[in-house]
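Working notes for the structure below.
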Amino acid sequence: MIAGGLGSIQAQQTHKDEIPEGALLIQLGGPGMLIGLGGGAASSMDTGTNDASLDFNSVQRGNPEIERRAQEVIDRCWQLGDQNPIISIHDVGAGGLSNAFPELVNDAGRGAVFELREVPLEEHGLTPLQIWCNESQERYVLSILEKDLDTFRAICERERCPFAVVGTATDDGHLKVRDDLFSNNPVDLPLNVLLGKPPKPRVPTNGYAVQKPFHAGDIDITEAAYRVLRLPAVAAKNFLITIGDRSVGGMTHRDQMVGKYQTP
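Counting from 2, one number per residue, gives the positions in the sequence shown under the numbering used here.
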C-alpha cells in the first residue's frame, strides 16, 4: 500500500546544512507522553505474536492541532529563504527522541549533549527510558544557531507552537543524555555504536538432521487449520486492499472494488 503526496518548496531549501559545533538542538511540537512506547517494533510483528502490554503501550494518539501549528512554524521558517533559521530538521517517528536526535547529529558527523529534563512532558512520573523513547506524535527535532533563537522563538510564539532547547551539538561524535534529577547520564556512548556498522559476531553452529517420527495424532486440527489459512499462498488476497484506507484525502472518485460482493 502506497500513499503519496506532492508539495512545493524553494530549491535552496531542499538540502540540510552542516550542523556546527555549539548549534542548538530543539524539539518542536507536542509534549512527550507514555504512548507509542515500542510502537515501531510492534508494527513490524506478526499479528498476535506480541503480548497485550506492548499492544496497549504502542497505541498512537494524534493531535492534528499541534501538527498544524508545527507545520506553520516550519513553513514560516523556510519561506524566509536565505534567512531560514533551521539548519537541519528530522521527523520524530519510531524510537522517539532516542532515534531522531542521534540521527539528526549523526548525519552531520557530530555528537551531542542533551538535558533529559528539558524535554516537554504532558504527564509526570515518566522514567528516563519513557521520556527518551516514547513515540508521541506531532514532534520534530531540528537544529538552529544560537543567534537565531530569538527569531525562531518569535515565530513559535506567533503560531502558539511549543518548543524546547534540549541539547547542543558537539564535535566528538559522542552521545550523552544527562539527567539532573538523578544526577547521572542514562545514555553515554559513541554514536557509531548506535548508528554505525559494528562488526557482526560470528556464531559457530552445527546442524543435525531431525529424525523425529511423524505422528498425525499429535496435531491439533484447529491450530493446523489456522496455520494453513494464514499462509499468503492459501489465504484470500483481499486483505492487501481492505487492510488500508483506499480514499486517502477524501478525493477518491471510485474505490478499487467491483461487483455485488465488492471484490478488489
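Using N, Cα and C, we set each Cβ at its ideal position, and we do this for glycine too.
How is residue i classed by DSSP in three states: helix, strand or coil?
i: LEU232; result: coil
i: TYR227; result: helix
i: GLU136; result: coil
i: LEU176; result: strand
i: PRO65; result: helix
i: ILE156; result: helix
i: ALA71; result: helix
i: ALA170; result: strand
i: VAL194; result: helix
i: THR264; result: strand
i: ASP246; result: coil
i: ILE145; result: strand
i: ASP181; result: coil
i: ASP221; result: coil
i: ALA24; result: coil
i: GLN11; result: coil
i: LEU38; result: coil
i: PHE215; result: coil
Roughly how far, in whole angstroms, is the beta-carbon of residue i from the beta-carbon of residue j, given that I think they are within contact range, below 8 angstroms?
i: SER137; j: ILE36; result: 6 angstroms
i: VAL289; j: VAL93; result: With the chain represented from 2 up to 265, any question about residue 289 goes unanswered, as that position is not in the structure.
i: PHE115; j: GLY33; result: No, PHE115 and GLY33 are not in contact; Cβ-Cβ is about 13 angstroms, not under 8 angstroms.
i: LEU192; j: PRO103; result: 6 angstroms
i: ILE10; j: ILE87; result: Not a contact, Cβ separation roughly 12 angstroms.
i: GLN14; j: ASN64; result: Between ASN64 and GLN14 the Cβ distance is about 26 angstroms, and since that is not below 8 angstroms, they are no contact.
Mind checking who residue i pairs with in its DSSP beta bridge?
i: GLU19; result: Answer by DSSP bridge pairing: none, since GLU19 is not bridged.
i: PHE164; result: LEU29
i: PRO202; result: For PRO202, which the question treats as bridged, DSSP gives no partner whatsoever.
i: ASP189; result: LYS177
i: VAL259; result: THR264
With a Cβ-Cβ cutoff of 9 angstroms, do residue i and residue j count as a contact?
i: LYS177; j: GLY112; result: yes
i: ALA71; j: GLU123; result: no
i: CYS313; j: GLY30; result: Past the boundaries of the shown model lies residue 313; the chain is included only from 2 to 265, so the question cannot be answered.
i: ASP108; j: LYS17; result: yes
i: LEU117; j: ILE132; result: yes
i: THR181; j: PRO129; result: With the sequence shown as reference, residue 181 is identified as Asp, and Thr is not the correct amino acid for it. No, these two residues do not count as a Cβ contact at 9 angstroms.
i: GLY23; j: GLU119; result: no
i: ILE20; j: LEU81; result: no
i: VAL188; j: SER99; result: yes
i: GLU73; j: GLU160; result: yes
i: PRO265; j: THR243; result: yes
i: ARG255; j: ILE156; result: no
i: GLY110; j: GLY174; result: yes
In chain order, what are the residue ranges of uninterrupted beta strand (DSSP E) at least 3 long that sit wholly in the region 82-142? 87-92, 112-116
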